[in-house]
Amino acid sequence: STHLITDVEKLLDEVVFLKDGEIILSGSTEDLRVEKKRSIEGIYKEIFS
19 STHLITDVEK
29 LLDEVVFLKD
39 GEIILSGSTE
49 DLRVEKKRSI
59 EGIYKEIFS
């Protein structure tokens, strides 16, 4: 678990976004970047802003 999103992109192969105890989005960092056409940090901001 971390809120250091820019570090996650460099270190992890898979990511899971949880909100209110439920999985909102999960997958490989590369697949999510391609699918959402944004960085993992951008996806994070989209979910939690």
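One rule links them: number in the working numbering = place in the sequence shown (from 1) + 18. Positions of the beta carbon are idealized from the N, C-alpha and C atoms, including for glycine.
So, for residue i: in the same chain, excluding its five sequence neighbours on each side, which residues have a beta-carbon less than 6 Å away from its beta-carbon?
| i | result |
| --- | --- |
| GLY15 | Limits of the chain in this structure are 19 at one end and 67 at the other, which puts residue 15 out of reach. |
| PHE35 | ILE42, LEU43 and ILE65 |
Can you list, in chain order, the residues of its chain whose CB lies under 8 Å from that of residue i, leaving out five sequence neighbours each side?
| i | result |
| --- | --- |
| LEU50 | VAL33, LEU43, ILE58 and ILE61 |
| GLU53 | GLY45 |
| ARG56 | GLU64 |
| VAL26 | THR20, VAL33, THR47 and ILE58 |
Comparing alpha-carbon positions, which option in the options lies nearest residue i?
| i | options | result |
| --- | --- | --- |
| THR24 | LYS37, GLY39, LYS55 and THR47 | THR47 |
Only counting the same chain, and skipping five residues up and downstream in sequence, which positions put a Cβ closer than 7 Å to that of residue i?
| i | result |
| --- | --- |
| LEU29 | none |
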